[in-house]
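Remarks on the structure that follows.
See below:
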């Protein structure tokens, strides 16, 4: 298994029900690029890139670890990532998978690679916010972003294993998913790590790393990821974590979001977790400039203005109580449904 190259196509691989080898896929890809819809053109372009003579593919990062940039991802590293995912989630040749993510991003590309390498029977549907609306098939493995999951709850009975990534999952969504029989995982990763390097079961707080991954912290208490099969250099993130052991960590929040209010450092994600279930609308907390404190803690709520009783914030610590509440008609998000905090306040 470790000697696989990007020219290998597993004997069990099927695309929309058809068994295709590398030559078949290239022929189909030319048709996709020439005559297909936008999402099919992206799939065709990926397959043509995958089966060419280059040892890498080139793509733009989402900016998780800094400004967006063009990176080269080694095809052999993408294969190793696919194998690690197969091990972690116990995927077997012949398992049915669904691609409902755009292949412009790494998550969509890797669903194609996993299917080729692990021998999955992959169905492809146009990327949309309602990917299961017309579905009658039972799938063993599906990847979605939170917005897709939110709109697919009634159809998840036909999904055995679901991974959720691309954006932080809202705790209210998690509560709706907990009663379901589907095995649901929240993943942690980025373009530079070739999608996920860790995952946790729904309801858990602790992420467990995938095979071949090593983790540590820098002097900021941010996560540092070492994956020898992907990169010779460590990948330094801006994610504050608590290390449980060599294989597990708890995500605390983004260091970019930390609020320094009067010398007290506040992590918005931890404050938000305490308010889950108390506020019906979507919300987040952030810092705004303040002449006295440097930054003041502000609660931002989506929707019309409302009043709260005096004891409403008793669940929060002394320094965690908002100095101001701001109401915004509509939160701004990126294509994956990831909340854009600063742009939201600039409307």
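Numbering (the numbering used here), first residue to last: 1438 to 1784.
We put the CB at the ideal spot given by N, CA and C, even for glycine.
In the structure shown, residue 1446 falls within a coil segment according to DSSP collapsed to helix, strand and coil. Measuring C-alpha to C-alpha distances from residue 1689 to each of 1695, 1683, 1677 identifies 1677 as the nearest.
Residue range 1685-1691 is occupied by the beta strand (DSSP E) that includes residue 1685. In the DSSP assignment, residue 1629 falls outside any beta strand (DSSP E) and carries neither an H nor an E.
With fewer than 16 other Cβ atoms inside 10 Å of its own Cβ, residue 1754 counts as exposed.
Between residue 1590 and residue 1617, the C-beta spacing is below 9 Å. For residue 1726, the enclosing beta strand (DSSP E) has its first and last residue at 1720-1727. Sorting 1759, 1653, 1568 by C-alpha distance to the C-alpha of residue 1732 places 1759 at the top.
Membership of residue 1486 in any beta strand (DSSP E) is not indicated; the residue belongs instead to the alpha helix (DSSP H) covering 1475-1487. Unbroken beta strand (DSSP E) stretches of 3 residues or longer found wholly inside the stretch 1514-1588: 1533-1536, 1558-1561, 1578-1581, given in chain order. Non-local C-beta neighbours of residue 1510 in its own chain, meaning closer than 7 Å and more than five positions away in sequence, comprise 1493, 1494, 1496, 1631, ordered along the chain. Within the same chain, Cβ atoms closer than 6 Å to the Cβ of residue 1449 are found at 1530, 1531, 1556, the five residues on either side in sequence being excluded.
Judged by pairs of C-beta atoms under 8 Å, the stretch 1759-1771 touches the stretch 1734-1742, as three or more such pairs exist.
Between residue 1518 and the set 1488, 1575, 1629, the nearest pair of CA atoms involves 1629. When 1468, 1491, 1490 are compared, the shortest CA-CA separation from residue 1480 is found for 1468. For residue 1599, the enclosing beta strand (DSSP E) begins and ends at 1598-1601.
Rounded to whole angstroms, residue 1484 and residue 1701 show a C-alpha spacing of 51 Å. Check the Cα spacing between residue 1528 and each of 1620, 1573, 1761: the tightest is with 1620.
Contact between the stretch 1608-1615 and the stretch 1580-1599 is present: three or more C-beta pairs spanning the two stretches fall below 8 Å. DSSP places residue 1666 outside both helix and strand once states are collapsed to three, so it counts as coil. Bounds of the alpha helix (DSSP H) holding residue 1470 are 1459-1472.
Minimum Cα-Cα distance from residue 1729 among the listed residues 1750, 1718, 1780, 1699 corresponds to 1699. Restricting attention to 1657, 1684, 1577, 1453, the CA atom closest to the CA of residue 1563 is found in 1453. If you draw a straight line from the Cα of residue 1655 to the Cα of residue 1674, it comes to about 9 Å. Between residue 1635 and residue 1601, the C-beta spacing is not below 9 Å.
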